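Student: Handing you this structure, nothing more for now.
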Amino acid sequence: MLTGEIEKFVEEDQVYLDIASSIVPSKKVNAVIFTKQDCTIAGVEEVKSIFDYFGIEYSSSFTDGDNVGSGETIFRLYSEAASILCAERIILNFLGHLSGIATMTRSCVSRIENISSAKIACTRKTVPGIRRFEKAAVVAGGGDPHRFSLSDMVMIKDNHIKLMGLEEAIVAARKHSSFVQKVEVEVESEQDAVTAVELGADIIMLDNMDPGLIIRTLQTLKRKGLRDSVIIEASGGIHQGNLEEYAKTGVDVISMGSLVYDAGWIDVSLEILTDTI
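According to this note's numbering, the stretch in the sequence shown is residues 139 to 415, in order.
This is the structure we're talking about:
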């Protein structure tokens, strides 16, 4: 985590004087950070950067992606009491939020591992300013980060098609994109999926299709000899409750905004233990 990023988080939490932290005795203390529930941990490297910024000594045997049991100590800390108190909420927010995403992702990956080889991917539905941390948490949980920004690939979505038409949009995308960029096209019908592949799309996103329509679309692509030339992604309205149905369709990627926006926070706490001179 960059120093500038940390300073923004500190500024948000400590706009003016933190009187509560300023009145505690000037002494060094030991503290622990522990989880109150089973989880897949994420945010370890981010909080290490925050510890370094505040001059807090720390030790931990965990790395992102490790499974942590309820009650286990994630970090042991030693520092001035005021420094620990100033950093506490920022640290716990990152660990709780990112571990929640990693835990949700791990659950989804595990749910389909005996059904499909499809990748579980997140989307750009992230909290502004912390996307890279949230996507790193998805990776920690065994998922795929998908694209980080609009420049990672050329994605033609429904509104592009409304403005230009499917064929014109794909032709223009091919003309203006670099050879290193893939072109992905969002489609909502079987025929548009076929057309997109025939026009040279590298990836087609079957958007808001139910599993039955996805299966029929894949069968049509196979019959036309087009299935093996394209990556097929299912997206839209997919969650833990219907994930297995989509996994059984045979798609290559299942993208889920719910990995981030439906992920509950993990309950993580910090406790000061004993004073040390």
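Here a beta-carbon is modelled for each residue, glycine too, at the ideal position from N, C-alpha and C. Please read all numbers here as calculations on a predicted model, not as lab measurements.
(1) From the DSSP output, in three-state form, read off N231 for me.
(2) Of all the beta strand (DSSP E) runs that stay within the bounds of the region 284-344, which reach a length of 3 or more residues?
(3) What are the uninterrupted segments assigned as beta strand (DSSP E) that are 3 or more residues long and contained completely in the region 199-273, given in chain order?
(4) Pull up the distance between the alpha-carbon of E184 and that of K257, whole angstroms please.
(5) Closest by CA to I341, which one among S255, G402, H284 and H235?
(6) Since D282 sits in a beta bridge, which residues does DSSP pair it with?
(7) Restricting to Cα atoms, I'd like to know which of Y216, I194, I222 and S199 is closest to V162.
(8) First and last residue of the alpha helix (DSSP H) that includes I144?
(9) May I ask you to report which of helix, strand or coil DSSP gives K186?
(10) Taking the alpha carbon of Q329 as the reference point, which residue from T358, M343 and T211 has its own alpha carbon closest?
(11) Quick check on I415: buried or exposed, where buried means 16 or more other Cβ atoms within 10 Å of its Cβ?
(12) Three or more C-beta pairs under 8 angstroms: does that hold for the region 208-216 against the region 369-387?
(13) Sorted by chain position, which residues of the same chain lie with C-beta nearer than 7 angstroms to N346's C-beta, five sequence neighbours on each side aside?
(14) Taking one C-beta from the region 228-248 and one from the region 392-405 each time, how about it: are there three or more such pairs within less than 8 angstroms?
Tutor: Reading from the atomic positions:
(1) helix
(2) 292-294 and 321-325
(3) 211-218 and 257-259
(4) 25 angstroms
(5) H284
(6) A259
(7) I222
(8) T141 to D151
(9) helix
(10) T358
(11) Confidence is the limiting factor: at I415 the pLDDT is only 43, short of 50, which leaves the residue's position unreliable, though a coordinate-based value still follows. It is exposed - the Cβ of I415 has fewer than 16 other Cβ atoms within 10 Å.
(12) no
(13) E326, G374 and G375
(14) yes
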